[in-house]
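Chains as they are written, first to last, in our numbering: chain G, 38 to 496; chain H, 38 to 496. Each remark here refers to the structure printed beneath this line.
2 protein chains.
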Amino acid sequence: MFNKNTYITRRKILKQKVGSGIILLAGNVQSSMNYKDNWYAFRQDSSFLYFSGLDIPDLMLIIDIDNDVDILFGNDATIDDIVWQGVLPTVSELASNAGILQSKSLNALSGYLKNKKNQPVHFLPPYRPEHYDQLSDLLQLSPREVDAGVSVSLIKAIVSLRSIKSEAEISEIEKAVNTSNQMQLAAMSFARAGQTEAEIAGQLQSIAIAGGGNLSFPIILTTRGETLHIHYTNNIIERGKMVLCDCGAETAMHYPGDLTRTFPVDKSFTQIQRDVYEIVLNAQQSAAEALEPGELFLNVHLLACEKLVDGLKELGLMKGDSKEAVANNAHTLFFQCGLGHMMGLDIHDMENLGEQYVGYSDTLKKSKEFGLKSLRLGRSLEPGFVLTVEPGLYFIPALMDLWKSDKRNASFINYDKLGHFRNFGGIRIEEDFVITVNGARLLGDPIAKTVKDVEALRM
Amino acid sequence: MFNKNTYITRRKILKQKVGSGIILLAGNVQSSMNYKDNWYAFRQDSSFLYFSGLDIPDLMLIIDIDNDVDILFGNDATIDDIVWQGVLPTVSELASNAGILQSKSLNALSGYLKNKKNQPVHFLPPYRPEHYDQLSDLLQLSPREVDAGVSVSLIKAIVSLRSIKSEAEISEIEKAVNTSNQMQLAAMSFARAGQTEAEIAGQLQSIAIAGGGNLSFPIILTTRGETLHIHYTNNIIERGKMVLCDCGAETAMHYPGDLTRTFPVDKSFTQIQRDVYEIVLNAQQSAAEALEPGELFLNVHLLACEKLVDGLKELGLMKGDSKEAVANNAHTLFFQCGLGHMMGLDIHDMENLGEQYVGYSDTLKKSKEFGLKSLRLGRSLEPGFVLTVEPGLYFIPALMDLWKSDKRNASFINYDKLGHFRNFGGIRIEEDFVITVNGARLLGDPIAKTVKDVEALRM
């Protein structure tokens with residue numbers, strides 16, 4: 038964790054922003070897999086982590102704004118806990134590490150809140166089933182009342198704080214990106230026809246773990262790159278295909294990297310693979326160059342879409358005016374998702390707080406249309422934002438068949454040319470950036486991205 | 038999955054055993070980490086898997102015994118699902134793969150059950166919070182009524198089926214054990230002072246993944262071997278210590294291996310490490326040799342405990358009659374847990390169905406005493422049982438201090454000698470066995486276990 042003053046300062050600013058009442062930040066509990074005591078790897082709630090640094094299950098944090106008091110609730114280890122899990126710090130020691138002056142046992146929380154009935158309690162939206170149980174029990178609310186009672190002022194205060202990354206946070210993220218770079222370089226250097234996707238993915242995970250943390254999200258490593266969130270399988274890597282590898286490491290403190298490269302299984306791209314790759318690369322570079330404070334990320338997304346359409350027109354797959362095609366969502370036959378997302382303690386940062394609050398604003402609402410509904414970030418960029426830029430082109434047979442049979446956007450799409458691309462797959466190129474006072478900076482060391490540099494690693 | 042006849046036969050036997058009513062087997066849903074759509078790796082419910090072979094989220098299986106009808110409930114993929122997750126089989130295709138003749142959409146289940154109000158519904162104990170939500174909604178029960186309404190006849194029928202592993206299951210388990218062997222051999226061959234525990238653990242996980250599945254449980258790889266369930270950390274491996282490595286792979290079908298070795302960081306054990314190792318090894322081998330049909334595993338556990346006490350007496354740490362010491366739980370200062378557990382689709386097989394039903398019997402109740410309360414298996418062994426044998430000696434400073442200050446079991450323990458062992462750590466040796474008609478068979482190829490063979494790998 039960072040120095041405790043970091044957390045003291047964050048909580049102080051949070052109190053000022055929220056103004057009054059009591060803030061209840063719930064730490065996560067263990068999640069059971071196939072029986073109660075067989076747990077998934079513990080994942081702390083990211084807001085709890087941001088304001089306490091405490092990466093341990095079964096803790097609750099009260100920030101009483103009205104009385105300027107922070108209290109950590111948790112249970113000390115029993116001798117049974119010590120036998121099975123080793124010596125753990127006491128709750129009072131944990132509190133002290135986070136600069137929290139008071140601590141109490143977990144079962145005192147319910148009584149504490151009952152005594153504070155006149156103060157409004159601010160809490161965040163639940164995203165695990167046990168969050169409903171906890172909040173229902175503590176605040177005597179039905180699950181529906183929990184949903185309705187979520188504190189928008191708390192959400193907005195946390196979003197405004199967590200959106201702007203400090204130098205220390207950026208340096209942690211950069212560490213994660215550089216480990217993620219090692220994973221990408223390993224995939225590009227060592228993947229060979231005849232291996233399974235899983236075999237390569239396992240090697241990449243071992244690099245993430247050796248980096249001191251683990252994966253920042255389940256690895257996407259596939260020769261079926263057209264499927265946006267497919268995960269690695271035991272399919273054998275075959276000549277003639279490309280491998281799309283979207284992966285990242287997170288540091289022990291849970292700051293992540295998130296990178297994508299697409300490379301040929303053979304030593305070089307085929308002509309058609311190279312043509313499509315160059316289109317995606319051009320869109321990715323154009324978008325990266327357009328990043329600057331004050332720019333709407335929505336516009337950067339639309340710019341990337343236009344660049345993709347320009348390229349698809351040269352390839353003969355699209356036609357007509359590029360801007361018009363994008364305005365009609367014609368490009369979403371090939372680019373069905375968003376250009377990027379905020380990145381921080383969550384790989385899609387703060388997604389649990391609501392994409393409207395994180396990625397949009399009071400005046401900019403998230404679209405519900407196919408394509409734009411998957412753009413998680415649209416708002417005006419500010420220095421300290423960390424985000425991904427990850428355009429792609431995806432040839433999805435079921436979607437092409439559906440649109441063709443509907444003659445959808447037929448004035449922009451040359452449906453007779455699509456047949457050649459039925460088994461093409463997909464290409465994505467992704468890097469991570471921090472917005473600076475006058476532009477943006479690539480996070481981590483640059484690694485192979487051009488056709489020439491990628492092919493050099495395949496030699 | 039196995040051939041569909043396997044699942045048809047299993048369901049047929051289950052119907053005969055339960056006798057009447059409707060069986061509701063709930064497949065698991067995705068589990069969220071730090072926001073709703075960031076999922077842990079999907080883990081199917083093992084009983085659902087056992088009776089259907091379907092390793093996909095959001096399915097429910099109805100087995101109507103009275104009308105001899107099986108129905109799979111689930112939803113077909115939408116075009117959005119296909120864009121993000123690729124083409125998936127329809128629910129009707131999934132049903133057919135499992136030899137289930139009928140399929141319906143998921144939202145039809147609630148109405149289906151309302152029409153069957155005269156038939157009792159058999160369901161299993163919940164172990165994830167969403168199980169309570171599902172069962173409450175479907176059967177109009179409060180969470181307390183869900184707990185009270187669990188079907189003991191269904192539990193007993195499933196335990197009797199799943200306890201006896203078929204040849205095909207044993208062969209899958211053996212495949213997993215052999216991959217687990219590769220993990221153990223890698224740790225023993227490559228671990229070096231100066232590495233972090235995590236670095237080695239990552240390499241072992243990559244072997245599990247390359248084997249076609251993944252880890253069967255989070256790796257325990259530590260120089261703090263006295264802590265029973267501690268996981269790897271970023272601690273640096275130091276000379277003079279031992280590494281305790283408890284890990285296993287599972288196959289793509291979720292059949293697992295579970296092995297432990299303890300080895301010196303240096304090229305050879307110190308004299309005292311070797312002495313303690315030999316005690317554990319002798320207990321492990323004696324227990325393994327005692328495995329046979331009809332034998333109570335409780336007695337095998339007690340035999341191993343006596344062997345440990347015999348050794349600790351030679352070492353000067355214990356005194357008095359070994360049987361008496363064990364009867365007084367004096368050995369639990371050094372061996373706080375059970376000798377082993379059933380192993381199958383769950384690493385602690387069927388633990389979610391209740392340890393009393395799985396590991397004990399109507400006439401043999403599980404003890405609540407320290408030590409024996411952690412023995413998950415006590416009952417009489419039968420051919421086809423697969424289980425672990427994993428005695429150990431663990432020197433836990435906090436526990437030694439507590440007992441010493443209480444003078445607990447002072448007639449069996451030489452408290453004045455404990456000081457030398459304060460920082461010793463712990464040693465465990467674990468193998469997996471199947472009970473045969475006249476004894477037991479080690480699963481997987483034998484790998485280094487004696488001091489000499491382990492040291493040979495450290496050269």
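Cβ atoms here follow ideal geometry from the backbone N, Cα and C, with glycine treated the same way. Owing to the predicted nature of the structure, the values given are computational and were not obtained by experimental measurement.
Residue i versus residue j: straight-line alpha-carbon distance, rounded
i              : j              : result
G58 (chain G)  : V158 (chain G) : 6 Å
S411 (chain H) : R459 (chain H) : 24 Å
F88 (chain G)  : K212 (chain G) : 21 Å
D283 (chain G) : S404 (chain G) : 26 Å
G348 (chain G) : V187 (chain G) : 45 Å
C374 (chain G) : I119 (chain G) : 48 Å
V337 (chain H) : S173 (chain H) : 42 Å
G136 (chain G) : I108 (chain G) : 10 Å
Q232 (chain H) : S243 (chain H) : 17 Å
M220 (chain H) : I466 (chain H) : 15 Å
L265 (chain G) : G463 (chain H) : 46 Å
H457 (chain G) : T487 (chain G) : 24 Å
F79 (chain G)  : Q81 (chain H)  : 19 Å
I450 (chain H) : L354 (chain H) : 6 Å
L61 (chain G)  : R47 (chain H)  : 49 Å
L146 (chain H) : V302 (chain G) : 46 Å
A289 (chain H) : I273 (chain H) : 32 Å
M387 (chain H) : F85 (chain H)  : 12 Å
I433 (chain G) : F371 (chain G) : 8 Å
Q177 (chain H) : S179 (chain G) : 16 Å
Of the residues the options, the one placed nearest residue i, counting alpha carbons only
i              : options                        : result
T43 (chain H)  : H:R199, H:D103, H:R413         : H:R199
T299 (chain H) : H:A286, H:V280, H:F306, H:V317 : H:V280
A447 (chain H) : H:E427, H:K486, H:N366         : H:N366
V426 (chain G) : G:E468, G:M437, G:K54          : G:E468
A63 (chain G)  : G:K344, G:M355, G:G111, G:E206 : G:G111
S68 (chain G)  : G:G462, G:D113, G:P166, G:R48  : G:P166
L150 (chain H) : H:L98, H:I472, H:R445          : H:L98
I93 (chain H)  : H:T127, H:I237, H:Y314         : H:T127
L476 (chain G) : G:L143, G:P330, G:R413, G:S84  : For the sequence presented, residue 476 (chain G) should be read as Gly rather than Leu. Of G:L143, G:P330, G:R413, G:S84, the residue nearest in Cα terms is G:P330.
G210 (chain H) : H:G408, H:R413, H:G381, H:L138 : Here residue 210 (chain H) turns out to be Ile, not Gly, going by the sequence shown. If we check each option's Cα against that of I210 (chain H), H:G381 comes out closest.
R181 (chain H) : H:P162, H:T297, H:E204, H:N75  : H:P162
G123 (chain G) : H:P420, H:E263, H:Y397         : H:E263
D101 (chain H) : H:N75, H:L138, H:L418          : H:L138
F39 (chain G)  : G:V474, G:R276, G:N134, G:Y314 : G:N134
Proximity of residue i and residue j at Cβ, strictly below 7 Å
i              : j              : result
N389 (chain G) : Y169 (chain G) : no
L252 (chain H) : F470 (chain H) : no
T259 (chain H) : I267 (chain H) : yes
G248 (chain G) : A286 (chain G) : yes
V491 (chain H) : K202 (chain H) : no
K304 (chain H) : R495 (chain H) : yes
V214 (chain H) : G481 (chain H) : yes
Y77 (chain G)  : D383 (chain H) : no
P428 (chain H) : A341 (chain H) : yes
N319 (chain H) : K356 (chain H) : no
S142 (chain G) : S129 (chain G) : no
Y431 (chain G) : K441 (chain G) : no
I237 (chain H) : A230 (chain H) : no
H378 (chain G) : H368 (chain G) : no
L191 (chain G) : V106 (chain G) : no
Inter-residue CB distance, residue i and residue j (contact presumed, cutoff 8 Å)
i              : j              : result
L401 (chain G) : R413 (chain G) : With 8 Å as the limit, L401 (chain G) and R413 (chain G) do not qualify as a contact, their Cβ atoms being about 13 Å apart.
_Residues, ordered as in the chain, of the segment 252-265 of chain G that lie near chain H by beta-carbon distance below 7 Å_ = F254, P255, R261, T264, L265
*Note down, in chain order, all residues in the segment 168-201 of chain G with a beta-carbon under 7 Å from any beta-carbon belonging to chain H.*
D170
_Counting only Cβ-Cβ distances shorter than 8 Å, please list the residues of the segment 83-110 of chain G near chain H, keeping chain order._
S83
*Which residues, taken in chain order from the segment 119-133 of chain H, show a beta carbon closer than 7 Å to some beta carbon of chain G?*
I119, V120, W121, Q122, G123, V124
*Can you give me, in chain order, the residues of the segment 377-400 of chain H that have a beta carbon less than 9 Å from any beta carbon in chain G?*
L382, D383, I384, H385, M387, E388, N389, L390
*What are the residues of the segment 228-242 of chain H that lie near chain G, defined by any Cβ-Cβ distance shorter than 8 Å?*
T233, A235, E236, A238, G239, Q240, Q242
*When Cβ atoms are compared, which residues of the segment 152-165 of chain H fall closer than 8 Å to chain G?*
Y164, R165
*Compile a chain-ordered list of the residues in the segment 284-306 of chain G whose CB is closer than 8 Å to at least one CB of chain H.*
A289
*asked:* To be precise: take each residue of the segment 47-77 of chain G, compare its Cβ to all Cβ atoms of chain H, and keep it if any distance is under 9 Å. Which residues remain?
replied: N65, S68, S69, M70, N71, Y72, K73, D74, N75, W76, Y77
*With 7 Å as the C-beta to C-beta threshold (strictly closer), list the residues of the segment 352-381 of chain G near chain H in chain order.*
Q373
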